[in-house]
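**Q**
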Amino acid sequence: MGSLILVPKMALGFRGLAVTTLCIALVTVFCVCPLYFMGDPYPLVKETQKIQKAAFTTPLTIQNNYFIVDFTLGSPPQPFRGVPAISWRPVVLAPASYELEEDVQYIEEHGKEYPHKYNSSLSSTAVVSDTLVATGDRMLLSGVGNMSYETLNVAGIQAANQSFVALSGIGQEIPSLLHIMYGGYGLFDGAIGLSPSNRPSKSGLESLWMNIARQDILDAHILSLKPPRPGSSELGEMAFGITEDYQRLADRLVRMKVEMNSVSREFIEPWQVEGRAIYSGSNQMQLQPGNHTVRFSTETPLLLLPKESIRDVLNATRTIVTDNKGWSVPRLPCEARADIPDVTIDIGGHNFTITPYDFLSEVRYSDGSVECAPQIGTSDGNFLLLGGPFLKKFYSVWDRDNMEIGLAPLSELER
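The opening residue of the sequence shown carries number 50 in our numbering; numbering runs sequentially from there.
1) By Cβ distance, which residues of its chain are closer than 7 Å to K102, with the 5 residues on each side in sequence left out?
2) Using a Cβ-Cβ cut-off of 7 Å (strictly less than) and excluding sequence neighbours within five positions of L242, which residues of its own chain qualify?
3) Could you name the residues of the same chain whose beta carbon sits closer than 8 Å to that of L462, not counting the 5 residues immediately before and after it, in chain order?
4) Output needed for A183: all residues of its chain with C-beta closer than 6 Å, excluding positions within five of it in sequence on either side, in chain order.
5) Among the residues of its own chain, which have a CB less than 6 Å from the CB of M188, if the five just before and after it don't count?
6) DSSP state of W137, grouped into three classes?
7) From P126, M196, Q321 and V446, pick the residue whose C-alpha is nearest to that of F432; which is it?
8) Once DSSP output is grouped into helix, strand and coil, what is the label at N114?
9) By the three-class DSSP mapping on this structure, what secondary structure does I454 have?
10) Could you check the C-alpha separation between S250 and I425 for me, to the nearest Å?
11) From this set, D395, A422 and F120, which residue's C-alpha is nearest T366's C-alpha?
12) Suppose you measure from the CA of Q98 to the CA of T106; what does that come to, to the nearest Å?
13) Just reading off the beta strand (DSSP E) that G426 is part of, what are its end residues?
14) Would you call the stretch 208-217 and the stretch 399-415 in contact, with 3 or more CB pairs under 8 Å?
15) Specify whether the stretch 323-331 and the stretch 395-409 touch according to this definition: at least 3 beta carbon pairs, one from each stretch, less than 8 Å apart.
16) Between L302 and N195, what straight-line distance do the alpha-carbon atoms span, to the nearest angstrom?
17) Using only CA atoms, which one of H159, D407 and Y198 lies nearest to S169?
18) Should A104 be labelled buried (16 or more other beta-carbon atoms within 10 Å of its own) or exposed?
19) Alpha carbon to alpha carbon, what distance is there between E157 and I454?
20) Can you tell me where the alpha helix (DSSP H) with N260 in it begins and where it stops?
21) Assign D448 to buried or exposed, taking buried as 16 or more other Cβ atoms, counted over all protein chains shown, within 10 Å of its Cβ.
22) Quick check on DSSP: helix, strand or coil for N247?
23) What are the residues that DSSP puts in a beta bridge with D480?
24) Just how far apart, CA to CA, sit D450 and I206?
25) Determine, using beta carbons only, whether L216 and T121 come nearer to each other than 9 Å.
26) Relative to the alpha-carbon of L351, which residue among P379, P438, G160 and S172 has its alpha-carbon at the smallest distance?
27) Let me know the alpha helix (DSSP H) ranges lying completely inside the stretch 321-401, each 4 residues or longer, listed in chain order.
28) If you reduce the DSSP assignment to three classes, tell me which class I241 lands in.
29) Within 10 angstroms of the Cβ of K306, are there 16 or more other Cβ atoms? Answer buried if so, exposed if not.
30) Output needed for N114: all residues of its chain with C-beta closer than 7 Å, excluding positions within five of it in sequence on either side, in chain order.
31) Check whether the Cβ atoms of T368 and L381 sit closer than 9 Å, and answer yes or no.
32) So, at 7 Å on beta carbons, what are the nonlocal neighbours of E283 in its own chain, with the 5 sequence-adjacent residues on each side left out?
33) Compute every distance between the C-beta of R449 and the non-hydrogen atoms of the ligand SAH, then say whether any falls below 8 Å.
34) What residue range is occupied by the uninterrupted alpha helix (DSSP H) comprising G285?
35) I'd like to check one pair, P390 with V362: are the Cβ atoms closer than 9 Å?
36) Taking just the CA atoms, how far does P108 sit from P128?
Written out as structure tokens, the structure reads:
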């Protein structure tokens with residue numbers, strides 16, 4: 050450690066230079082060294098000189114209540130669109146060799162093969178093992194795939210050797226991410242696991258967060274999701290680290306502590322908090338402390354709540370029709386939204402209200418007609434699931450360092 054002394058720019062001569070050098074040495078020995086052993090002599094100077102690490106951002110869209118971002122896998126990079134899945138550990142993707150009946154349908158409708166399938170043979174950084182992993186989320190996705198490792202890029206972050214699952218089979222009895230992907234939507238190609246887990250699964254699956262933490266590229270391990278504002282043509286934003294929006298809204302966030310104990314499986318480790326009560330129309334349900342959790346899910350376009358808490362809503366939205374693929378789906382006139390009750394949920398001591406305009410989405414047909422599809426259903430077990438219909442209403446912060454979730458209405462961004 051040394052000192053800096055500014056000397057006027059002039060010809061010192063040999064003697065002047067020697068004297069100046071001696072002075073510098075004396076100042077260093079008698080002034081600085083004792084302070085060094087006493088501790089940091091300039092703590093305030095060092096703190097003010099600390100360089101803020103940049104946040105990493107990427108555009109975010111919401112389609113059919115799914116959060117969607119762009120990312121790449123491989124070297125050279127292969128482009129994909131994926132869901133930033135806050136409940137899942139791994140990245141999940143369909144390999145190029147895997148075909149579904151939906152592939153044939155896609156070719157018939159579009160005259161070409163589905164373009165975004167991962168091909169490990171085209172990448173110099175691909176590692177595909179023979180180990181099969183079961184992605185056993187029976188509600189969102191059911192399937193098996195090869196444990197793989199690859200270079201992932203998202204929001205400007207490069208994550209080398211990121212574990213992911215290259216799906217080679219799916220559960221036919223349960224709607225899966227791939228069925229949603231191909232089933233007439235073509236919205237996205239996979240999912241990026243962003244669960245708050247700080248440990249790998251038994252088979253070695255890690256969330257992207259664990260990879261980012263090893264790189265030490267962020268001042269704070271914070272994920273923020275800023276949905277597009279309703280009626281705006283602007284894109285939303287997904288960000289890692291401390292952004293200007295976060296600094297501006299930090300004091301206005303409703304913060305809730307995350308509970309991590311009740312769910313920890315191979316594939317899923319969700320962000321979840323305590324649920325206390327649900328109110329909807331004439332239905333009121335007090336939730337038992339420590340027995341009901343609220344799980345948040347960007348990868349789910351649904352709200353799932355205990356049946357007894359939303360009977361009035363279910364009775365008003367149970368009209369069933371057959372769509373053009375022969376599936377039986379609930380539909381109702383969109384005007385009915387005015388007569389359906391809101392749903393208010395007490396989450397960690399804070400009330401949040403969801404309206405029928407949030408959980409009844411408009412479906413437009415080729416003949417110009419419009420109907421509404423309910424995206425609310427019943428959960429099994431002692432949990433509530435709040436997916437896209439809820440999260441699209443908020444600027445949300447997922448703080449892995451402090452294990453907190455922060456929510457602020459989108460209107461706060463305009464203040």
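Just so it is clear, CB atoms sit at the ideal spot from N, CA and C, and this is done for glycine as well.
**A** In brief:
1) I266, L267, D268 and G290
2) Note on residue identity: the sequence assigns Gly, not Leu, to residue 242. The residues are A134, W137, R138, P139, V140, S256 and L257.
3) K275, R278, D294, L298 and Y444
4) V193
5) Only weak support is given to the placement of M188: the predicted model assigns it a pLDDT of 47, under 50, and the question is left unresolved by the model.
6) strand
7) Q321
8) coil
9) strand
10) 31 Å
11) A422
12) Bear in mind that the predicted position of Q98 carries a pLDDT of just 39, short of 50, making it unreliable; the figure below should be weighed with that in mind. The alpha-carbon atoms of Q98 and T106 are separated by roughly 24 Å.
13) I425 to T427
14) no
15) yes
16) 40 Å
17) Y198
18) buried
19) 44 Å
20) L257 to Q264
21) buried
22) coil
23) The chain is shown from 50 up to 464; residue 480 falls before or after that span and cannot be answered.
24) 19 Å
25) no
26) P438
27) 360-365
28) strand
29) exposed
30) P350, S410, Q424, G436, G437, P438 and K441
31) yes
32) P277
33) This structure lacks the ligand SAH; in fact it carries no ligand of any kind.
34) Segment G285 to F289 is the beta strand (DSSP E) holding G285; no alpha helix (DSSP H) there.
35) yes
36) 15 Å
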